[in-house]
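Visitor: At position 124 of the sequence shown (counting the first as 1) the number is 1315 in the working numbering, and the numbers step up by one without a gap.
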Amino acid sequence: MTSADLASLAPDIRRFEPVSALDGGPDGLSVFRRLVPQAAGALRPGGSLLLEVGDGQAAAVAALAHDAGFAIVDVHRDMSQKERIVEATLSGAFVAAPAELDDPWFDLVVNALAAGAVIGVPTDTVYGIGARWDSPAGVRRLFAAKGRPPDQPVAVLFPSVDSIEMALPDLGPEAAKVMRALLPGPYTFVVSTSVPRQDLVGTADSLGVRVPAQPVLLELLSSLGTPLAATSANRTGERDPASLGEVDPAVLAHCSLAFSAPRHLPDAPKERAAGPPGRGLASTVVDLRPLSTGGAPLVIREGAVPASEVLERISALG
1192 MTSADLASLA PDIRRFEPVS ALDGGPDGLS VFRRLVPQAA GALRPGGSLL
1242 LEVGDGQAAA VAALAHDAGF AIVDVHRDMS QKERIVEATL SGAFVAAPAE
1292 LDDPWFDLVV NALAAGAVIG VPTDTVYGIG ARWDSPAGVR RLFAAKGRPP
1342 DQPVAVLFPS VDSIEMALPD LGPEAAKVMR ALLPGPYTFV VSTSVPRQDL
1392 VGTADSLGVR VPAQPVLLEL LSSLGTPLAA TSANRTGERD PASLGEVDPA
1442 VLAHCSLAFS APRHLPDAPK ERAAGPPGRG LASTVVDLRP LSTGGAPLVI
1492 REGAVPASEV LERISALG
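(1) Within 10 angstroms of its Cβ, does THR1314 collect 16 or more other Cβ (buried), or is it exposed?
(2) If I measure Cβ to Cβ from ALA1498 and keep anything under 6 Å in the same chain, skipping five residues before and after, which residues do I get?
(3) With distance defined between alpha-carbon atoms, name the residue in LEU1220, VAL1400, GLY1232 and LEU1234 nearest to ASP1246.
(4) Around the C-beta of PRO1360, are 16 or more other C-beta atoms found within 10 angstroms, so that it is buried, or is it exposed?
(5) What does DSSP give as the partner residue(s) for PHE1334 in the beta ladder?
(6) Check each candidate in ILE1310, LEU1304, SER1282 and ARG1268 and name the one with the smallest Cα separation from THR1422.
(7) May I have the straight-line CA-CA distance separating TYR1152 from GLU1365, to the nearest angstrom?
(8) Between LEU1443 and VAL1300, how many whole angstroms is the CB-CB distance? I'm expecting something under 8 Å.
(9) Assign HIS1267 to one of two classes, buried (16 or more other C-beta atoms within 10 Å of its C-beta) or exposed (fewer than that).
(10) Are LEU1508 and ALA1372 close, meaning C-beta to C-beta below 8 Å?
(11) Whole angstroms is fine: what's the gap from LEU1200's alpha carbon to VAL1210's?
(12) Could you pull the start and end residues of the alpha helix (DSSP H) that HIS1445 belongs to?
(13) Note down, in chain order, each residue of its chain lying with its Cβ closer than 7 Å to the Cβ of ALA1441, except the 5 sequence neighbours on either side.
(14) Measure from the alpha carbon of ALA1336 to the alpha carbon of each residue in ILE1204, VAL1227, LEU1502 and THR1427, then state which is nearest.
(15) For the alpha helix (DSSP H) that contains SER1499, what are its first and last residues?
(16) By DSSP, does LEU1511 sit in helix, in strand, or in coil?
(17) Counting C-beta neighbours from all protein chains within 10 Å, is the total for PHE1450 16 or more, i.e. buried, or is it exposed?
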């Protein structure tokens, strides 16, 4: 509080609370001017600072956090609905390999995802970020991290084709046949489904599904026990990161944890579509919906596998 307001405190507070804990200087912000930069220097990448501030101070403290270098700063309401909670997060994220997390740590990841967290994950194409596909808060955070417009729904990562069929009981046999032949692999297959999902996870009658050829990720997905709504770990319009090291730290700031793993493409075709040197190539997106009416699949986006190659492989299935 301001120095001038000290005299208005109740006697029991003035007598028994240390002045240094009460006196915030002429504008009430001197403690925060010291504390916020110190926290920015002490926290690790992706670390967060939570502050309860005085009524009317939140905007000023949030500005101090921005000036101190925090990448994400949010103001929340307390139980009285006053804006008195400031949350500030540094760029970057805590990084770990899945094998490094023992059961208590892994349980924390599972609980965080259930609460709406976003995590960073390696795939067989580009590095990605994901959230539980059934978490409204997680999907919202995923779109916020990406800066993705709502007219671009996200696909879902599954650990196996069996898990896709379990989650989408209305999956057509033609689509299932293609996926069993080509997955795991660097593809996103768009399939017809009316299974209820969160907004922005596919459309009302379709969903993009992936089973990446990345053993570490597949094991992680199996252990988590839930599919992940996912997208590449870059801001919309920026280049796709081939690995964790190429991800913008400001994007990682939205992640509670980023998993590290070597890129692994055991079954990926040798031929690749052309792309800028050193740039990761996203998955090739193929619309399988026409198969249900005797039509041909449609390549929506050519990525890690050339369009001609994937269409030839599907045609050869008969």
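From the three backbone atoms N, C-alpha and C, an ideal C-beta is built for every residue, glycine too.
Guide: With the given structure in hand:
(1) Stepping through the sequence shown from its first residue, residue 1314 is reached at position 123. Result: buried.
(2) Sequence index remark: in the sequence shown, residue 1498 carries index 307 (1-based). Same-chain partners within the cutoff: VAL1490.
(3) Within the sequence shown, residue 1246 is the residue found at index 55, counting from 1. For ASP1246, the nearest C-alpha among the options comes from LEU1220.
(4) Taking the first residue of the sequence shown as position 1, residue 1360 is located at position 169. Flag for PRO1360 reads exposed.
(5) Counting from 1 along the sequence shown, the entry for residue 1334 is found at position 143. Beta-bridge pairing links PHE1334 to no other residue.
(6) Counting from 1 along the sequence shown, the entry for residue 1422 is found at position 231. For the residues ILE1310, LEU1304, SER1282 and ARG1268, the minimum Cα distance to THR1422 belongs to ILE1310.
(7) It is not possible to answer for residue 1152, since the shown part of the chain is limited to 1192 through 1509.
(8) In the sequence shown, counting from the first residue as 1, residue 1443 sits at position 252. In the sequence shown, counting from the first residue as 1, residue 1300 sits at position 109. Not confirmed; about 16 Å, so no contact.
(9) Stepping through the sequence shown from its first residue, residue 1267 is reached at position 76. So HIS1267 counts as exposed.
(10) Along the sequence shown, one-based indexing puts residue 1508 at 317. Along the sequence shown, one-based indexing puts residue 1372 at 181. Closer than 8 Å, so yes.
(11) Residue mapping note: residue 1200 aligns to position 9 of the sequence shown, counting from 1. Residue mapping note: residue 1210 aligns to position 19 of the sequence shown, counting from 1. Looking at the two C-alpha atoms, the distance is approximately 11 Å.
(12) The residue given as residue 1445 occupies position 254 in the sequence shown. Run containing HIS1445: none; DSSP gives neither H nor E here.
(13) The residue labelled residue 1441 in the question sits at position 250 within the sequence shown. For ALA1441, where only same-chain residues beyond five positions count, the Cβ hits under 7 Å are ALA1262 and SER1282.
(14) Mapped onto the sequence shown, residue 1336 falls at position 145. Of ILE1204, VAL1227, LEU1502 and THR1427, the residue nearest in Cα terms is THR1427.
(15) Counting from one through the sequence shown, the residue named residue 1499 turns up at place 308. Where SER1499 is concerned, the enclosing alpha helix (DSSP H) stretches over 1498-1506.
(16) One cannot answer for residue 1511 here, as it falls past the ends of the chain, which runs 1192 to 1509.
(17) Along the sequence shown, one-based indexing puts residue 1450 at 259. Label assigned to PHE1450: buried.
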